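A.B. asks: Structure provided below as structure tokens; questions to follow.
Residue numbers (my numbering), protein chains in the order written: chain A, 1 to 242; chain B, 243 to 536.
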């Protein structure tokens, strides 16, 4: 059976310690689909990615990846299956060199045979990393670090990528560069789940977008559909300011 | 003015001390940078490694070839390292007070193993056969071949450790877990497995140091107590966190200690060493090779 869904999350409740951040979230990402996740800070977008990638365990609900149940599995098991989570503002390994970091990232068994091919791909996508190959991660600029984070994700031989705010703190020029690169990655047939605060960035890349509000998905917007700016303002500033 | 012979003797004894310290401290430093704990049982690991090799090789024991005894001791220490990590370190991983809790648990292991050695091997003093016998002339003085062997083998062992951490997938995984466990998880690195390997490696380094020292000194359950204290100082003095810093500091401290022994004597050398270290740390609180945290 070939599933037509890459990722299917249904009714996930998850959080930290004793309180829930996610109040029953469901979403779908199809094979060859690019899906955006948009919403204000602190409303559960990162928590959702953590619950999918196994960093935290969902209290309730199901997570299916390529047809297999992965809810509650360890991050290692999720990586082994090819679902790769590129976390927000990843500092990576401060005292490791760029090239070492990329080579290390092909750590799981599945990724090892594809190591050199993937390395070529990453360096072609981000030539800047080639120039910085002998530099330690901690000496990289924000943009370079973001490129390396995505490159590290690609070295894991992903069958799907989840990117958490890849443009955080970057200049408009760098954002455009990164959008092109992320677009190219998804052209190779890797489905994407993209968390972003920059709505125009999401719209330029995603086929579909979910709006996240207070730990729930409140709306789904398809490509071409008008985004209701009023609703977005409401999400950010509450009813009375809209 | 020091004569050339006296200078050579000082240099050689400093290098022997430095070699022993570097091998002890690198294991301690590896555990510190990877797991973020200080292992107080590291010294008794050293004694245990020597005792196991003694039992396998000595005429009063199994009387087998020393090379085999060393291999047995290495395997035993690797297993013990994994066992200790599982039982007294892993249950506390991720707790806020982990550093302090593991001070207690590893101290408990130290006491338990010291008493265990005393019970199993008894109070009679023992000595290992040297790995290499005879004497060699070095820099115009004559030293035991074992001392020369230590001076040569330590850099080789440390270079092998460095190469392992730098070039192998597991070695890089260990460094990654130490530098950013969360990011390491997300590329599929199993932190627990890396911790077990780290502990095993560190225990093997300590045990092997014990074997090297075990033919120069008499074996006692407390054989590793003083080297452990020195190793702690070296890790701190070297700047907490870089293996190169630790190794550099180990040789510096070895040489300074040898110099102090010839000048202020055995009795006051340790105290004098501490005074020098405190003075250095006053000027460079980040350690000799450490960098200030931004």
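Where is the CB? At the ideal position from N, CA and C, for every residue including glycine.
Just so you know, these numbers come straight off a predicted model, no measurement behind them.
Taking C-alpha atoms, which residue in A:220, A:138 and A:36 lies nearest to residue 89 of chain A?
C.D. replies: A:138
A.B. asks: For the 8 angstroms Cβ check, are there 3 or more pairs between the region 433-449 of chain B and the region 286-293 of chain B?
C.D. replies: yes
A.B. asks: Could you check the C-alpha separation between residue 327 of chain B and residue 127 of chain A for me, to the nearest Å?
C.D. replies: 42 angstroms
A.B. asks: Residue 66 of chain A by DSSP, collapsed to three states: which one?
C.D. replies: coil
A.B. asks: So residue 53 of chain A contacts chain B; which residues on that side make the cut at Cβ distance below 9 angstroms?
C.D. replies: 427 and 428
A.B. asks: Taking residue 518 of chain B as the query, report the chain E residues whose CB atoms sit under 9 angstroms from its CB, ordered along the chain.
C.D. replies: Given the protein chain composition of this structure (A and B), no chain E is represented.
A.B. asks: For residue 418 of chain B, collect the residues of the same chain with a Cβ closer than 7 angstroms to its Cβ; drop the 5 residues on either side in sequence, then sort them by chain order.
C.D. replies: 426 and 431
A.B. asks: For chain A, check one thing: does any of its Cβ atoms lie closer than 8 angstroms to the Cβ of residue 268 of chain B?
C.D. replies: no
A.B. asks: Note down the Cα distance separating residue 399 of chain B from residue 111 of chain A, rounded to an integer number of angstroms.
C.D. replies: Straight-line Cα distance between these residues: approximately 31 angstroms.
A.B. asks: Less than 8 angstroms between CB atoms is the rule here; does residue 418 of chain B satisfy it with respect to chain A?
C.D. replies: Yes, residue 418 of chain B counts as interfacial toward chain A.
A.B. asks: What are the start and end residues of the alpha helix (DSSP H) that includes residue 518 of chain B?
C.D. replies: 511-525
A.B. asks: Taking DSSP as the reference, what is the three-state secondary structure of residue 222 of chain A?
C.D. replies: strand
A.B. asks: Looking only at C-alpha atoms, which of B:313, B:497 and B:524 sits nearest to residue 261 of chain B?
C.D. replies: It is B:497 whose Cα lies nearest to the Cα of residue 261 of chain B.
A.B. asks: Can you give the Cα-Cα distance for residue 86 of chain A and residue 363 of chain B, rounded to whole angstroms?
C.D. replies: 54 angstroms
A.B. asks: Of the choices A:79, A:22 and A:129, whose alpha-carbon is the least far from that of residue 98 of chain A?
C.D. replies: A:129
A.B. asks: Below 8 angstroms between beta carbons: does that hold for residue 344 of chain B and residue 279 of chain B?
C.D. replies: Contact flag set, yes.
A.B. asks: Looking at the structure shown, is residue 313 of chain B part of a helix, part of a strand, or coil, going by DSSP?
C.D. replies: Residue state, collapsed to three classes: helix.
A.B. asks: Comparing alpha-carbon positions, which option in A:114, A:27, A:201 and A:58 lies nearest residue 159 of chain A?
C.D. replies: A:114
A.B. asks: Show which residues of chain B have a CB atom less than 8 angstroms away from the CB atom of residue 96 of chain A.
C.D. replies: 414, 417, 418 and 421
A.B. asks: Taking the alpha-carbon of residue 503 of chain B as reference, which of B:268, B:255 and B:492 has the nearest alpha-carbon?
C.D. replies: B:255
A.B. asks: Rounded to whole angstroms, what is the Cα-Cα separation between residue 306 of chain B and residue 386 of chain B?
C.D. replies: Rounded to whole angstroms, residue 306 of chain B to residue 386 of chain B spans 23 angstroms at the Cα level.
A.B. asks: Report buried or exposed for residue 353 of chain B, applying the criterion of at least 16 other Cβ atoms within 10 angstroms of its Cβ.
C.D. replies: exposed
A.B. asks: Within 8 angstroms of any Cβ in chain A, is that where the Cβ of residue 411 of chain B sits?
C.D. replies: Residue 411 of chain B counts as touching chain A.
A.B. asks: Helix, strand or coil for residue 209 of chain A per DSSP?
C.D. replies: strand
A.B. asks: Mapping DSSP to helix, strand and coil, what is residue 531 of chain B?
C.D. replies: DSSP places residue 531 of chain B in coil when its eight states are reduced to three.
A.B. asks: Cβ of residue 479 of chain B within 8 angstroms of Cβ of residue 519 of chain B?
C.D. replies: Against a cut-off of 8 angstroms, the Cβ pair of residue 519 of chain B and residue 479 of chain B comes out as a contact.
A.B. asks: Please list the segments of the alpha helix (DSSP H) lying wholly inside the region 300-368 of chain B, counting only runs of 4 or more residues, in order along the chain.
C.D. replies: 308-326 and 340-363
A.B. asks: Report the residue from A:180, A:189, A:169 and A:202 whose alpha carbon sits nearest the alpha carbon of residue 125 of chain A.
C.D. replies: A:180
A.B. asks: Let me know if residue 216 of chain B comes out buried or exposed under the rule of 16 or more other beta-carbons within 10 Å of its beta-carbon.
C.D. replies: Nothing about residue 216 of chain B can be reported from this structure: the residues present for chain B run from 243 to 536 only.
A.B. asks: Check whether the Cβ atoms of residue 285 of chain B and residue 444 of chain B lie closer than 8 angstroms to each other.
C.D. replies: Contact flag unset, no.
A.B. asks: Can residue 175 of chain A and residue 198 of chain A be called in contact, C-beta distance under 8 angstroms?
C.D. replies: yes
A.B. asks: Which residue spans inside the region 37-119 of chain A form an unbroken alpha helix (DSSP H) run of at least 4?
C.D. replies: Entirely contained in the region 37-119 of chain A, the alpha helix (DSSP H) runs reaching 4 residues are, in chain order, 45-53, 75-81 and 98-105.
A.B. asks: List the whole-angstrom C-beta distance separating residue 530 of chain B from residue 487 of chain B, where the pair is believed to meet the contact cut-off of C-beta under 8 angstroms.
C.D. replies: 7 angstroms
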